[in-house]
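Just so it is clear: in the sequence shown, position 193 is 196 by the working numbering, and no numbers are missing. All C-beta atoms, glycine included, are put in the ideal place defined by N, C-alpha and C. Single-structure report; data block below.
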Amino acid sequence: MNMRATASPLAAELKAHTGRFTDKEFDWNAFPSNAGFPDLARAQMRYVGAGGSPKVGDTSTLKADNFTVSLIYKEPGKYAACHSHEIEESFLIIDGALIVGWERDGEVCEVNLGPKDMILNAREIGHGFRVDGVEPVLMSISVDVGKPLPPVYHYHPKEHAPELARAFGAKPGETIKFDPAGDHPLQKLMAQYVIRHVDQPTIWEDAGFSRKVYVGEGGLGHDTCRKEMWGVPSRVGIKGFVRDVEDAFLVLEGSLTVGWEDNGETVEVELGPRDLVKTPAGRKHWIRNDGAGAATVWHVIGSSKGDDVVYEAA
Ligand SMILES: [Fe+2]
Numbered sequence: 004m005n006m007r008a009t010a011s012p013l014a015a016e017l018k019a020h021t022g023r024f025t026d027k028e029f030d031w032n033a034f035p036s037n038a039g040f041p042d043l044a045r046a047q048m049r050y051v052g053a054g055g056s057p058k059v060g061d062t063s064t065l066k067a068d069n070f071t072v073s074l075i076y077k078e079p080g081k082y083a084a085c086h087s088h089e090i091e092e093s094f095l096i097i098d099g100a101l102i103v104g105w106e107r108d109g110e111v112c113e114v115n116l117g118p119k120d121m122i123l124n125a126r127e128i129g130h131g132f133r134v135d136g137v138e139p140v141l142m143s144i145s146v147d148v149g150k151p152l153p154p155v156y157h158y159h160p161k162e163h164a165p166e167l168a169r170a171f172g173a174k175p176g177e178t179i180k181f182d183p184a185g186d187h188p189l190q191k192l193m194a195q196y197v198i199r200h201v202d203q204p205t206i207w208e209d210a211g212f213s214r215k216v217y218v219g220e221g222g223l224g225h226d227t228c229r230k231e232m233w234g235v236p237s238r239v240g241i242k243g244f245v246r247d248v249e250d251a252f253l254v255l256e257g258s259l260t261v262g263w264e265d266n267g268e269t270v271e272v273e274l275g276p277r278d279l280v281k282t283p284a285g286r287k288h289w290i291r292n293d294g295a296g297a298a299t300v301w302h303v304i305g306s307s308k309g310d311d312v313v314y315e316a317a
């Protein structure tokens, strides 16, 4: 970075909108309702907003406009008790395998999600999750920030037997496996909210990078924010574009340079895995992959509406 870029207000603003994985810490006390229940232990790293934690005053976190972004880490054998929100919440799996269960009237439908799969937890649906695999799970959670009310617990081990809580409220024999072709109403409902990475079409933009739409046109129906997985080959970049809402790039693999322009001045930052840049509404910005390997990037856009952004090769 040159001296001018270091000194300029635009460079400072870009730095302030960058969440570096290595500057952050996982918080093992983000969720007070888990305290005293080792089986519920999970850690949260907040990038944008508090993401369902009451720790809204965290100054190392970027301010949320229309969405939050955080990472959640959970070890094998641990689970999250069945609860619901008045907002939609997405889980994007980064590493490991996660069982997510949706409960209704004592029956639970469970889906096993792998890396790059996503579930959008519907409003008011009881949901929990559990790590049954041999490796820990790292996932990215986003919620909308409409009304950040505390979660409502349906089967917390405080009030229910541990076996029932671990099964998200299903008694033995009342767990149904996820099946998009299944006839059970819970299977049918869940099928509208699960994205398998390998099932989503890969869209190649003329600008030379790929997109898989998770939430938005071509992906799940929704009314909060668009979510896409981008693949940016080595030495590909796109010209500056402007959105009328904020967006965020969270690098999953490889590295990605994000640039901003304001009044003819340009600044850039290179992101590595688990680094994020949030760009405010109205700011001209671009991306470029200077690395030798492809970059895989999670892209969240602060509106459910499509926009007329056309990506052009730089
Ligand atoms: Fe939740």
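{"Item": "Spatial neighbours of E315 within its chain, please: C-beta separation below 7 Å, excluding the five flanking residues on both sides.", "Value": "A210, I241 and K242"}
{"Item": "Evaluate V312 with the Cβ neighbour count: other Cβ atoms within 10 Å of its Cβ, from every protein chain shown; 16 or more gives buried, anything less gives exposed.", "Value": "exposed"}
{"Item": "With burial defined as no fewer than 16 other Cβ atoms inside 10 Å of the residue's Cβ, what is the status of A164: buried or exposed?", "Value": "exposed"}
{"Item": "Roughly how far, in whole angstroms, is the beta-carbon of G104 from the beta-carbon of H86, given that I think they are within contact range, below 8 Å?", "Value": "So it is not a contact: roughly 11 Å between Cβ atoms."}
{"Item": "Nearest-angstrom Cα distance between W233 and E113?", "Value": "28 Å"}
{"Item": "Please confirm whether I102 has its beta-carbon closer than 9 Å to some beta-carbon of chain D.", "Value": "Reference to chain D is not applicable here, since this structure consists of a single protein chain."}
{"Item": "For V201, which of helix, strand or coil comes out of DSSP?", "Value": "helix"}
{"Item": "DSSP has D98 in a bridge; who is on the other side?", "Value": "L141"}
{"Item": "Could you tell me whether any non-hydrogen atom of ligand 1 is closer than 8 Å to the CB of N124?", "Value": "yes"}
{"Item": "Return the bridge partner residues of C228 from the DSSP annotation.", "Value": "In DSSP, C228 forms no bridge with anything."}
{"Item": "Count the other CB atoms within 10 Å of the CB of K66; is the residue buried (16 or more) or exposed (fewer)?", "Value": "exposed"}
{"Item": "Among A125, I75, P139 and V272, which has the Cα closest to the Cα of D293?", "Value": "V272"}
{"Item": "Verify whether the separation of the beta carbon atoms of L13 and D278 is less than 9 Å.", "Value": "no"}
{"Item": "By DSSP's criteria, W263 is part of a beta bridge. Which residues make up the other side?", "Value": "V270 and H288"}
{"Item": "Counting C-beta neighbours from all protein chains within 10 Å, is the total for K180 16 or more, i.e. buried, or is it exposed?", "Value": "exposed"}
{"Item": "Which stretch, first to last residue, makes up the beta strand (DSSP E) that contains E110?", "Value": "E110 to L116"}
{"Item": "Do you know offhand how far A8's Cα is from S93's?", "Value": "Low confidence applies here, because A8 scores a pLDDT of 46, under 50, leaving its location unreliable; read the following figure in that light. Roughly 36 Å between the two C-alpha positions."}
{"Item": "To the nearest angstrom, report how far apart I198 and G222 are at their CA atoms.", "Value": "8 Å"}
{"Item": "Check the DSSP bridge columns for G240 and list the partner residues they point to.", "Value": "R291"}
{"Item": "Is G52 near ligand 1, judged by its Cβ being under 8 Å from some heavy atom?", "Value": "no"}
{"Item": "Going by DSSP, what residue range makes up the alpha helix (DSSP H) through A83?", "Value": "Here A83 belongs to no alpha helix (DSSP H); instead the beta strand (DSSP E) covers Y82 to S87."}
{"Item": "Quick check: is any heavy atom of ligand 1 less than 8 Å from the C-beta of E113?", "Value": "no"}
{"Item": "Do S56 and A33 have their C-beta atoms within less than 9 Å of each other?", "Value": "yes"}
{"Item": "According to the Cβ coordinates, are R45 and D61 closer than 9 Å?", "Value": "no"}
{"Item": "Answer yes or no: the CB of V55 versus the heavy atoms of ligand 1, is any distance below 8 Å?", "Value": "Per the sequence shown, residue 55 should be read as Gly rather than Val. G55: yes, Cβ under 8 Å from ligand 1."}
{"Item": "Taking the alpha-carbon of K308 as reference, which of G275, G219 and H157 has the nearest alpha-carbon?", "Value": "G219"}
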